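Asker: Quick note: to get our numbering, add 1 to the position in the sequence shown (first position is 1).
Note that beta-carbon positions come from the ideal geometry of N, C-alpha and C, so glycine has one too.
Note that this is a predicted model, so its numbers are computed, not measured.
For reference, the structure I am asking about is given below.
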Amino acid sequence: MLIKTQRDGFQLARADELTPQSVYEGRRDLLKLLATGAAGMSLAAWAGREAHAQAVRPNKLAPLPGGRSAVAGAVTMDKATTYADASSYNNFYEFGTDKADPAKNAHTLRTTPWTVEVEGLVKKPSRFSLEDLLRLSPMEERIYRLRCVEGWSMVIPWVGYSLNELIKKVEPLGSAKYVEFVTQADPKTMPFVGSRVLDWPYVEGLRMDEAMHPLTLLGFGMYGEVLPNQNGAPVRLVVPWKYGFKSAKTLVKIRFTERQPATAWNHAAASEYGFYSNVNPAVDHPRWSQATERRIGEDGLFAKKRKTLMFNGYEAQVGQLYAGMDLKKLF
Ligand code: MTE
């Protein structure tokens, strides 16, 4: 793109004004998917949506629309966080520990080609390309609250489908009790991999029934577009009733195990970050209370903190998974 200037006629546009080639390529691939109906929405609806997105935000990513989810609890009425906030205030330690670092640094992440290996205690161990995963099930829009362990929360319209759609395809064995999620750890494209802040790769885990719960989302997009790198492109987990760190970004491996997997944060500080990490206002973090939260975007001197809800407000949907458990011990 050329921009006319007064002095010498033309100059090259700044790099960040250009849509990267990978985005164009992604758009072309997604268009193909949409044309075959694989991404779950008609082209006409998609075109209307794109025009809207274009008016709201000029440098947008490739569209990834999904039909509204019918899963119970999948669409909160809370006002959505702005795209600008959701994509610029992130935890993604592979790109730095400051909240502003991922948006600044994650452009070095390479998301094509991408594969996710599924292995361990399953009948059908499989290797899925990103294209396979995009076609595996119709895309849905889920508007989830996400509560970070640090005391803030956001409301994000995600695009994806229930993780259980993938799990059913690989047919877990009866002995599979847990699922381990392994994420990308490439020091060449992720500048903080190798730092001592965590053991890499970033790993997370869920119990089998948690992984199978329809609210557990395999996410590919947000706000009707493919995920920006800083939010975990090209594929991540979103588990809305658990603290945000359980929602692992940039997934490369899913492993079914008999034993509870080790997780990155539990390994780093076991007394602070348990395996379950369910949002629970009655169980304090050893260094701070979890009773309230700050909703990103509701800032200012007089902004009231919100009361944190049990299971982040998803108790009706997930409470029964933990019936009879001592959630103070199994935090
Ligand atoms: N996944 C990876 N691979 N690396 C990370 O550092 N941070 C977690 C989680 N997933 C993290 C990660 C934390 S602490 C939070 S709060 C959420 O991602 C934030 O997701 P968001 O940036 O989309 O809000």
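To the nearest angstrom, how far is it from the Cα of HIS214 to the Cα of LEU62?
Answerer: Residue mapping note: residue 214 aligns to position 213 of the sequence shown, counting from 1. Residue mapping note: residue 62 aligns to position 61 of the sequence shown, counting from 1. Each residue's Cα considered, the two are about 29 Å apart.
Asker: Less than 9 Å between the C-beta atoms of ALA265 and GLU205, yes or no?
Answerer: If you number the sequence shown from 1, residue 265 lands on position 264. If you number the sequence shown from 1, residue 205 lands on position 204. The answer is yes: Cβ separation under 9 Å.
Asker: Can the beta-carbon of PHE276 be found less than 9 Å from the beta-carbon of GLY121?
Answerer: Position 275 of the sequence shown, counting from 1, holds the residue named residue 276. Position 120 of the sequence shown, counting from 1, holds the residue named residue 121. No, the pair does not count as a contact, with Cβ atoms beyond the cut-off.
Asker: Using alpha carbons as the reference points, say which of TYR84, LYS330 and GLU226 lies closest to PRO287.
Answerer: Reading the sequence shown from its first residue, position 286 is the one you call residue 287. Out of TYR84, LYS330 and GLU226, LYS330 has the C-alpha closest to the C-alpha of PRO287.
Asker: Compute the distance between the beta-carbons of MET140 and LEU199, then report whether it is under 9 Å.
Answerer: Indexing the sequence shown from 1 puts residue 140 at position 139. Indexing the sequence shown from 1 puts residue 199 at position 198. No; because the gap between Cβ atoms is not below 9 Å, this pair is not in contact.
Asker: With distance defined between alpha-carbon atoms, name the residue in VAL280, TRP159, VAL253 and ARG295 nearest to GLY68.
Answerer: Locating residue 68 in the sequence shown gives position 67, where the first residue counts as 1. The shortest C-alpha separation from GLY68 is found at TRP159.
Asker: Entirely within the segment 64-141 and at least 4 residues each: give me those alpha helix (DSSP H) ranges in chain order.
Answerer: If we require 4 residues or more, the alpha helix (DSSP H) runs fully inside the segment 64-141 come out as 84-87, 102-106 and 131-137.
Asker: Got a sec? Which residues, its chain only, sit under 6 Å from ALA73 by beta carbon, not counting five neighbours each side?
Answerer: The residue labelled residue 73 in the question sits at position 72 within the sequence shown. Excluding sequence neighbours, ALA73 sits near GLN318.
Asker: When you compare each of ALA71, LYS100, ALA324 and PRO282 to ASN232 by their alpha carbons, which one comes out closest?
Answerer: Here the question's residue 232 lines up with position 231 in the sequence shown. For the residues ALA71, LYS100, ALA324 and PRO282, the minimum Cα distance to ASN232 belongs to LYS100.
Asker: For VAL180, which of LYS170, LYS254 and ARG143 has the nearest alpha-carbon?
Answerer: Taking the first residue of the sequence shown as 1, we reach residue 180 at position 179. Comparing Cα positions, the closest option is LYS254.
Asker: Write down the C-beta distance between ASN267 and TRP242 rounded to the nearest angstrom, noting that I regard them as a contact closer than 8 Å.
Answerer: Position 266 of the sequence shown holds residue 267. Position 241 of the sequence shown holds residue 242. 18 Å between Cβ atoms; not a contact.
Asker: Output yes or no for whether 9 Å exceeds the beta carbon distance between MET311 and ASN281.
Answerer: Counting from 1 along the sequence shown, the entry for residue 311 is found at position 310. Counting from 1 along the sequence shown, the entry for residue 281 is found at position 280. In contact: MET311 and ASN281 (Cβ atoms closer than 9 Å).
Asker: For the alpha helix (DSSP H) that TRP266 lies in, which residues bound it at each end?
Answerer: Residue 266 sits at position 265 when you count from the first residue of the sequence shown. Note, TRP266: alpha helix (DSSP H), 265-269.
Asker: Can you tell which of PHE303, GLU211, GLU132 and TYR244 has the C-alpha that lies nearest to the C-alpha of ASN323?
Answerer: Here residue 323 refers to the residue found at position 322 of the sequence shown. According to the sequence provided, residue 323 is Tyr. The question's Asn does not apply to it. Ranking PHE303, GLU211, GLU132 and TYR244 by Cα distance to TYR323 puts GLU211 first.
Asker: Indicate whether MET223 and TYR90 have their beta-carbon atoms separated by less than 9 Å.
Answerer: Numbered from 1 along the sequence shown, position 222 holds the residue referred to as residue 223. Numbered from 1 along the sequence shown, position 89 holds the residue referred to as residue 90. No, they are not a contact pair.
Asker: Tell me whether GLU211 sits in a helix, a strand or coil according to DSSP, three-state version.
Answerer: Counted from its first residue, the sequence shown places residue 211 at position 210. The answer is helix: DSSP assigns GLU211 an H, G or I state.
Asker: Report whether the distance from the Cβ of LYS124 to the nearest heavy atom of ligand 1 is below 8 Å.
Answerer: Residue numbering aside, residue 124 sits at position 123 when the sequence shown is read from its first letter. Not under cutoff, so the answer is no.
Asker: Would you say MET155 and THR82 are within 9 Å of each other, going by their C-beta atoms?
Answerer: The residue you call residue 155 lines up with position 154 of the sequence shown. The residue you call residue 82 lines up with position 81 of the sequence shown. Against a cut-off of 9 Å, the Cβ pair of THR82 and MET155 comes out as a contact.
Asker: Considering just the uninterrupted stretch of the alpha helix (DSSP H) at LEU167, what are its terminal residues?
Answerer: Looking up residue 167 in the sequence shown gives position 166. 164-171 is the span of the alpha helix (DSSP H), which, as asked, contains LEU167.
Asker: Which value, in whole angstroms, describes the spacing of the CA atoms of LYS308 and ARG148?
Answerer: Walking along the sequence shown from the start, residue 308 turns up at place 307. Walking along the sequence shown from the start, residue 148 turns up at place 147. The straight-line gap from Cα to Cα measures roughly 11 Å.
Asker: In its own chain, which residues sit with a C-beta less than 7 Å from the C-beta of GLU166, not counting the 5 before and 5 after it?
Answerer: One-based indexing of the sequence shown puts residue 166 at position 165. Result list for GLU166: LEU137 and SER138, in chain order.
Asker: Comparing C-alpha positions only, which one of TRP289, LEU238, ASN92 and PRO173 sits nearest to VAL119?
Answerer: In the sequence shown, the residue the question calls residue 119 occupies position 118. It is PRO173.
Asker: Using the Cα positions of PRO164 and SER272, report the straight-line distance between them to the nearest angstrom.
Answerer: For the purposes of this step, residue 164 is taken as the residue at position 163 of the sequence shown. For the purposes of this step, residue 272 is taken as the residue at position 271 of the sequence shown. The question names Pro, but residue 164 in the sequence shown is Leu. Spanning the two alpha carbons is a distance of roughly 29 Å.
Asker: Indicate, with yes or no, if ligand 1 has a heavy atom lying under 8 Å from the CB of SER196.
Answerer: Counting from one through the sequence shown, the residue named residue 196 turns up at place 195. No, Cβ of SER196 sits at least 8 Å from all heavy atoms of ligand 1.
Asker: Measuring alpha carbon to alpha carbon, tell me which of GLY301, LEU302 and ILE297 ends up nearest ASP79.
Answerer: If you number the sequence shown from 1, residue 79 lands on position 78. The shortest C-alpha separation from ASP79 is found at ILE297.
Asker: Would you say the beta carbon of VAL117 comes nearer than 8 Å to a heavy atom of ligand 1?
Answerer: Along the sequence shown, one-based indexing puts residue 117 at 116. Because no heavy atom of ligand 1 lies under 8 Å away, the Cβ of VAL117 does not count as near it: no.
Asker: Mapping DSSP to helix, strand and coil, what is LEU331?
Answerer: Translated into the one-based positions of the sequence shown, residue 331 becomes position 330. Note: LEU331 maps to coil in three-state DSSP.
Asker: Taking the alpha helix (DSSP H) that GLU316 falls in, what are its first and last residues?
Answerer: Position 315 of the sequence shown, counted from the start, is the residue given in the question as residue 316. Per DSSP, GLU316 belongs to the alpha helix (DSSP H) from 316-319.
Asker: Can you grab the Cα-Cα spacing for the pair ARG128 / LEU134, in whole Å?
Answerer: Along the sequence shown, one-based indexing puts residue 128 at 127. Along the sequence shown, one-based indexing puts residue 134 at 133. When rounded, the distance between both Cα atoms is 10 Å.
Asker: Expressed to the nearest angstrom, what Euclidean distance is found between the alpha-carbon atoms of ALA104 and ALA87?
Answerer: For the purposes of this step, residue 104 is taken as the residue at position 103 of the sequence shown. For the purposes of this step, residue 87 is taken as the residue at position 86 of the sequence shown. If I take the Cα positions, the gap works out to 10 Å.
Asker: Residues in the same chain with beta-carbon distance under 8 Å from SER130, minus the five sequence neighbours each way, listed in chain order, please.
Answerer: Within the sequence shown, numbered from 1, the residue matching residue 130 stands at position 129. Result list for SER130: PRO114, TRP115 and THR116, in chain order.
Asker: Does ligand 1 have even one heavy atom less than 8 Å from the beta-carbon of MET213?
Answerer: Working through the sequence shown from its first residue, we reach residue 213 at position 212. Not so, every heavy atom of ligand 1 lies at least 8 Å from the Cβ.
Asker: Would you kindly work out how many angstroms separate the C-alpha atoms of THR76 and GLY314, rounded to a whole number?
Answerer: Here residue 76 is taken as the residue at index 75 of the sequence shown, counted from 1. Here residue 314 is taken as the residue at index 313 of the sequence shown, counted from 1. Thr is not the amino acid found at residue 76; the sequence shown has Val there. Going from the Cα of VAL76 to the Cα of GLY314 covers about 12 Å.
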